[in-house]
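Q: Structure below; questions to follow.
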Amino acid sequence: MALQEQTLPLPGVAPARTSHRPDHLLVAEMVESGSRVLDVGCGEGDLLQLLESRGIDGRGIELSREGVNRCVAKGLAVVQGDADTDLVNYPDDAFDYVILSQTLQATRQPKAVLENLLRIGHRAIVSFPNFGFWKMRLQLLIGGHMPRTENLPATWYDTPNIHFCTIKDFVQLCDEIHVKMERAVALDLYGRPVPLNLPWWVWNMFGEQGVFLLSRGGKGR
Amino acid sequence: MTKVQSIKTPSIQGEDRAHEADHPSSPVAKFGTDQPLKLDCGIDLAPFQIAYQTYGELNAERSNAILVCHALTGDQHVNNVHPVTGKPGWWETMVGPGRPLDTSRYFIICSNVLGGCMGSTGPASLNPTTGKVWGLDFPIITIPDMVRAQAMLIDRLGIETLFAVVGGSMGGMQAVQWAAAYPERVFSTLAIACSTRHSAQNIAFHELGRQAVMADPDWRSGSYVDQGTHPHRGLAVARMAAHITYLSDAALHRKFGRRMQDRELPTFSFDADFQVESYLRYQGSSFVERFDANSYLYLTRAMDYFDIAADHDGVLAEAFRDIETRFCVVSFTSDWLFPTSEARALVHALNASSARVSFAEIETDKGHDAFLLDVPEFFDISRAFLHSAGKARGLGDAGT
Numbered sequence: 001m002a003l004q005e006q007t008l009p010l011p012g013v014a015p016a017r018t019s020h021r022p023d024h025l026l027v028a029e030m031v032e033s034g035s036r037v038l039d040v041g042c043g044e045g046d047l048l049q050l051l052e053s054r055g056i057d058g059r060g061i062e063l064s065r066e067g068v069n070r071c072v073a074k075g076l077a078v079v080q081g082d083a084d085t086d087l088v089n090y091p092d093d094a095f096d097y098v099i100l101s102q103t104l105q106a107t108r109q110p111k112a113v114l115e116n117l118l119r120i121g122h123r124a125i126v127s128f129p130n131f132g133f134w135k136m137r138l139q140l141l142i143g144g145h146m147p148r149t150e151n152l153p154a155t156w157y158d159t160p161n162i163h164f165c166t167i168k169d170f171v172q173l174c175d176e177i178h179v180k181m182e183r184a185v186a187l188d189l190y191g192r193p194v195p196l197n198l199p200w201w202v203w204n205m206f207g208e209q210g211v212f213l214l215s216r217g218g219k220g221r
Numbered sequence: 222m223t224k225v226q227s228i229k230t231p232s233i234q235g236e237d238r239a240h241e242a243d244h245p246s247s248p249v250a251k252f253g254t255d256q257p258l259k260l261d262c263g264i265d266l267a268p269f270q271i272a273y274q275t276y277g278e279l280n281a282e283r284s285n286a287i288l289v290c291h292a293l294t295g296d297q298h299v300n301n302v303h304p305v306t307g308k309p310g311w312w313e314t315m316v317g318p319g320r321p322l323d324t325s326r327y328f329i330i331c332s333n334v335l336g337g338c339m340g341s342t343g344p345a346s347l348n349p350t351t352g353k354v355w356g357l358d359f360p361i362i363t364i365p366d367m368v369r370a371q372a373m374l375i376d377r378l379g380i381e382t383l384f385a386v387v388g389g390s391m392g393g394m395q396a397v398q399w400a401a402a403y404p405e406r407v408f409s410t411l412a413i414a415c416s417t418r419h420s421a422q423n424i425a426f427h428e429l430g431r432q433a434v435m436a437d438p439d440w441r442s443g444s445y446v447d448q449g450t451h452p453h454r455g456l457a458v459a460r461m462a463a464h465i466t467y468l469s470d471a472a473l474h475r476k477f478g479r480r481m482q483d484r485e486l487p488t489f490s491f492d493a494d495f496q497v498e499s500y501l502r503y504q505g506s507s508f509v510e511r512f513d514a515n516s517y518l519y520l521t522r523a524m525d526y527f528d529i530a531a532d533h534d535g536v537l538a539e540a541f542r543d544i545e546t547r548f549c550v551v552s553f554t555s556d557w558l559f560p561t562s563e564a565r566a567l568v569h570a571l572n573a574s575s576a577r578v579s580f581a582e583i584e585t586d587k588g589h590d591a592f593l594l595d596v597p598e599f600f601d602i603s604r605a606f607l608h609s610a611g612k613a614r615g616l617g618d619a620g621t
């Protein structure tokens, strides 16, 4: 596991005021400047704008037509497309990084998508909501219903998120398909990194989302 | 809506139109026998001329020029009163001060296509070797031929690299062809409601139109000018059929429904009882006043032959290998002539070439013609695409 060097805000002190989402800032920090990036499921282009402001050549794919058109109207290079079906149209090694931000759980074939990310890009950055987060567990255990949170407000019958996983599950998948985890960060409910020196089960319990920097050629099992 | 009982004979008998074909109101770039145009059919065309209009000012760096490519029946009169019809320019919604193609920022060029009838050499022009109108002696031309001629015009204007090439429909085909043929001369491409190859259905519609023209006895095997006729009935029918393909079921229903034209009850005749019939007849008869029938044959044929992938061993992505041109591809949901699937094929090829491409499908019921109409979302996207490309190109806010 590589280092994560961010300084932690003091408990009770609000995170630094910024218009950018904490996970976007973390992702942007993982990308080397001057590189070429594909953001899969780029939404309305907030992350792409952040990346471009840092001199990164960014492209996007977005499923919703409204999202695409807003991105294009912002001057971003975004095409309408589906992570499950359209990634195959990209050649090998086309990008330095391929980002899948809060989208993995909404794909039909997360494993195939993950493999495609690392075929198209030398590295992949994947962030996803952690279904092992204590609040999720508590709702299922005590409430007896499918969890709903501020960030995931949809009900079970109208959610686009059909493939939730925990941080532990994701790490297992990475091992299975020989993906190397260069860096892993769990963010808590306030977007602050969970301290690194704590064991995995703490991450899986207190991480509201996981952000992973991946590359090819992991050890496998 | 003008009430038209039948397809009427043109009021001005095409005299203005015929005059424009050789002596246009627009500036003309003439190319002599020392500068022949090498056509795909193997013929060197010389001499020939290209008529064009410009709007705005070319900056000192010569870096703000946009070439607008017109569609099948368009011409170079983008943003000025048309010399034959007296109507406003065909893309006034898109081109002008403060418009997406901002004339206070960019230098806009639009030329009449090779094979057209508004001043560029085509079948309606005089053949210098015979002293007669070319007619069917004019060689068959292609979209790449049109682009080659435009490139010679751009050379003549002293412009090395175009900031953008913009076009819809047949104009979009030219815009994409520009990028494929001269990637180093095109900084950005805005391709609207188009495809990289003409579909079987589209070829079929064009064949219908051509057969309508040729079935008119006044066509006279293409030599109607020499014989003092014009196949206005056939050309009007061709236009009527084509016009339906430019609209959509929903747009026709919204505009006309089953409403009657100036009457309450059906006449039990073949008169234009329905508004939609009257509208189509008007479209047909007004078209023949400004367009040459042979030109219509040649230009539809050029579109039919268009297939960029075929010129690259069947692999479309090969046409754009390592291209640095920025692309924006736009399609419209109700366009069934150049549907979104065609645009997506282009986008996939550009993705495979790792080109910088944006692709937006715009929701509208206005059909293929949407690119000529007031569709604010389309304007926003076009403006933003050009603006961000302008920043990358180093164009200042004033453009000059």
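First to last, the sequence lines map onto chains A and B. Residue numbers for the first sequence, in our numbering: 1 to 221. Residue numbers for the second sequence, in our numbering: 222 to 621. Backbone N, C-alpha and C define an ideal beta-carbon position, used for all residues, glycine too.
What's the gap between the Cα of R454 of chain B and the Cα of C331 of chain B?
A: Taking the second sequence and counting its residues from 1, the one referred to as residue 454 of chain B is at position 233. Taking the second sequence and counting its residues from 1, the one referred to as residue 331 of chain B is at position 110. Rounded to the nearest angstrom, the two C-alpha atoms are 30 Å apart.
Q: Taking the alpha carbon of G393 of chain B as the point to measure from, which residue in B:E545, B:F527 and B:V596 has its own alpha carbon closest?
A: As a working mapping, residue 393 of chain B is identified with position 172 in the second sequence. Comparing Cα-Cα distances from G393 of chain B to each of B:E545, B:F527 and B:V596, the minimum goes to B:F527.
Q: Since I believe L214 of chain A is in contact with V179 of chain A (beta carbons under 8 Å), could you give me their beta-carbon distance rounded to a whole number of angstroms?
A: The residue you call residue 179 of chain A lines up with position 179 of the first sequence. The residue you call residue 214 of chain A lines up with position 214 of the first sequence. The Cβ separation is near 5 Å, so the contact holds.
Q: Where does the unbroken alpha helix (DSSP H) through L50 of chain A begin, and where does it stop?
A: Mapped onto the first sequence, residue 50 of chain A falls at position 50. D46 to S53 is the extent of the alpha helix (DSSP H) around L50 of chain A.
Q: If you reduce the DSSP assignment to three classes, tell me which class Y500 of chain B lands in.
A: Sequence index remark: in the second sequence, residue 500 of chain B carries index 279 (1-based). Note: Y500 of chain B maps to helix in three-state DSSP.
Q: Residues of the region 536-559 of chain B in Cβ contact with chain A at a cutoff of 9 Å, in chain order, please.
A: Listed in sequence order: A538, R547, F548, C549, V550, V551 and T554.
Q: Decide yes or no for the touch test of the region 413-427 of chain B against the region 518-527 of chain B: beta carbon pairs closer than 8 Å, at least 3 of them.
A: Enough Cβ pairs lie closer than 8 Å, so yes.
Q: Would a C-beta distance cut-off of 8 Å place D243 of chain A and L50 of chain A closer than the cut-off?
A: Past the edges of chain A, shown from 1 to 221, lies residue 243 of chain A, and the structure says nothing about it.
Q: Can you pull the chain A neighbours of V596 of chain B, defined as C-beta to C-beta under 7 Å?
A: On the second sequence, position 375 is the one that residue 596 of chain B refers to. Under the 7 Å cutoff, chain A gives no residues; its nearest Cβ is about 12 Å from V596 of chain B.
Q: Can you confirm whether G45 of chain A, when its beta carbon is compared against all beta carbons of chain B, has any partner nearer than 8 Å?
A: For the purposes of this step, residue 45 of chain A is taken as residue 45 along the first sequence, with counting starting at 1. It does not; no Cβ of chain B falls within 8 Å.
Q: Cα-Cα, which of B:I413, B:F408, B:L486 and B:S507 is closest to L456 of chain B?
A: Against the second sequence, residue 456 of chain B aligns to sequence position 235. Ranking the options by Cα distance to L456 of chain B, first place goes to B:S507.
Q: Terminal residues of the continuous alpha helix (DSSP H) containing D622 of chain B?
A: Since the displayed chain B opens at 222 and closes at 621, residue 622 of chain B lies outside it and no answer follows.
Q: Count the other CB atoms within 10 Å of the CB of D358 of chain B; is the residue buried (16 or more) or exposed (fewer)?
A: Working through the second sequence from its first residue, we reach residue 358 of chain B at position 137. It counts as exposed.
Q: Taking CB distances under 8 Å as the criterion, tell me whether R59 of chain A reaches chain B.
A: The sequence position of residue 59 of chain A within the first sequence is 59, counting from 1. Chain B contact via Cβ: present.
Q: Which same chain residues end up closer than 7 Å to D590 of chain B when comparing Cβ atoms and leaving out the 5 residues on each side of it in sequence?
A: To locate residue 590 of chain B, count along the second sequence from 1; it is residue 369. Y467 and L468, listed in sequence order.
Q: Could you pull out every residue in the same chain whose Cβ sits closer than 7 Å to the Cβ of F580 of chain B, ignoring the five residues on either side in sequence?
A: Residue numbering aside, residue 580 of chain B sits at position 359 when the second sequence is read from its first letter. Cβ neighbours of F580 of chain B beyond the five flanking positions: V550, A564 and V568.
Q: Pick helix, strand or coil for V211 of chain A, following the three-state DSSP scheme.
A: Residue mapping note: residue 211 of chain A aligns to position 211 of the first sequence, counting from 1. Three-state DSSP puts V211 of chain A in a strand.
Q: Determine the chain B residues that contact V185 of chain A at a beta-carbon separation under 9 Å, and present them in chain order.
A: Position 185 of the first sequence, counting from 1, holds the residue named residue 185 of chain A. None at all; the shortest Cβ gap to chain B is about 29 Å.
Q: Quick one: residues in its chain with C-beta nearer than 7 Å to the C-beta of M30 of chain A, no 5 flanking neighbours on either side, listed in chain order?
A: Reading the first sequence from its first residue, position 30 is the one you call residue 30 of chain A. Counting only Cβ-Cβ distances below 7 Å, and skipping sequence neighbours, we find I125, R183 and L213.
Q: Within 10 angstroms of its Cβ, does F328 of chain B collect 16 or more other Cβ (buried), or is it exposed?
A: Here residue 328 of chain B refers to the residue found at position 107 when the second sequence is read from its first residue. The residue is buried, with at least 16 neighbouring Cβ atoms inside 10 Å.
Q: Just to confirm my understanding: we take G220 of chain A, look at its own chain, exclude 5 residues before and 5 after, and list those with CB closer than 7 Å. What are they?
A: Looking up residue 220 of chain A in the first sequence gives position 220. Reliability of the predicted coordinates at G220 of chain A is poor, the pLDDT of 45 falling under 50, and the value obtained from them is presented with this limitation in mind. Once the five neighbours on either side are set aside, the close Cβ partners of G220 of chain A are D175 and H178.
Q: In terms of alpha-carbon separation, which member of B:K476, B:D586, B:G343 and B:N515 lies closest to P452 of chain B?
A: To locate residue 452 of chain B, count along the second sequence from 1; it is residue 231. Considering only alpha carbons, the answer is B:N515.
Q: How would you call V225 of chain B, buried or exposed, if buried means at least 16 neighbouring beta carbons within 10 angstroms?
A: Stepping through the second sequence from its first residue, residue 225 of chain B is reached at position 4. Summary for V225 of chain B: the model assigns pLDDT 40, below 50, so the residue's position carries little reliability; its value from the coordinates is reported in the next sentence. Burial call: buried.
Q: Measure from the C-beta of A239 of chain B to each C-beta in chain A and report whether the shortest distance is under 8 Å.
A: Here residue 239 of chain B corresponds to residue number 18 of the second sequence, with the count starting at 1. No - not a single Cβ of chain A is within 8 Å of the one on A239 of chain B.
Q: For C290 of chain B, which three-state DSSP category applies?
A: The residue you call residue 290 of chain B lines up with position 69 of the second sequence. The answer is strand: DSSP assigns C290 of chain B an E or B state.
Q: Go ahead and label R475 of chain B buried or exposed: buried means 16 or more other beta carbons lie within 10 angstroms of its beta carbon, across all protein chains shown.
A: Here residue 475 of chain B refers to the residue found at position 254 when the second sequence is read from its first residue. Answer is exposed; the Cβ neighbour count stays below 16.
Q: Suppose the cutoff is 6 Å on Cβ atoms and the five residues either side in sequence are ignored; what does the same chain contact list for W203 of chain A look like?
A: Counting from 1 along the first sequence, the entry for residue 203 of chain A is found at position 203. Excluding positions up to five away in sequence, the list reads I167, A186 and V194.
Q: Closer than 8 Å, Cβ to Cβ, to anything on chain B: give me those residues from the region 62-77 of chain A, in chain order.
A: Residues passing the 8 Å Cβ filter: R65, V68, N69, C71, V72, A73, K74, G75, L76 and A77.
Q: Closest to L616 of chain B by C-alpha separation, out of B:T306, B:V289, B:D323 and B:R502, would be which residue?
A: By 1-based counting over the second sequence, the position of residue 616 of chain B is 395. Minimum Cα distance to L616 of chain B is reached at B:D323.
Q: Using only alpha-carbon positions, find the residue among B:A345, B:V334, B:P360 and B:M373 that is nearest to G253 of chain B.
A: Against the second sequence, residue 253 of chain B aligns to sequence position 32. It is B:M373.
Q: According to the neighbour-count rule (16 or more other Cβ atoms, all chains shown, within 10 Å of its Cβ), is R577 of chain B buried or exposed?
A: As a first step, residue 577 of chain B must be located in the second sequence, where it is residue number 356. So R577 of chain B counts as buried.
Q: Identify each residue in the region 467-499 of chain B for which the Cβ-Cβ distance to at least one residue of chain A is less than 8 Å, and report them in chain order.
A: Correct list: empty, as no residue qualifies.
Q: Compare the beta carbon distance of D261 of chain B and P365 of chain B with 8 Å and say whether it is the shorter of the two.
A: For this step, residue 261 of chain B is matched to residue 40 along the second sequence. For this step, residue 365 of chain B is matched to residue 144 along the second sequence. In this structure, P365 of chain B lies closer than 8 Å to D261 of chain B by Cβ.
Q: Quick one: does V354 of chain B have its CB under 8 Å from some CB of chain A?
A: Position 133 of the second sequence holds residue 354 of chain B. Chain A contact via Cβ: absent.
Q: Could you check where the alpha helix (DSSP H) with F599 of chain B kicks off and where it finishes?
A: Translated into the one-based positions of the second sequence, residue 599 of chain B becomes position 378. Element bounds for F599 of chain B: P597 to R614.
Q: Tell whether a beta-carbon distance below 8 Å holds between L293 of chain B and M391 of chain B.
A: Sequence index remark: in the second sequence, residue 293 of chain B carries index 72 (1-based). Sequence index remark: in the second sequence, residue 391 of chain B carries index 170 (1-based). The answer is yes: Cβ separation under 8 Å.
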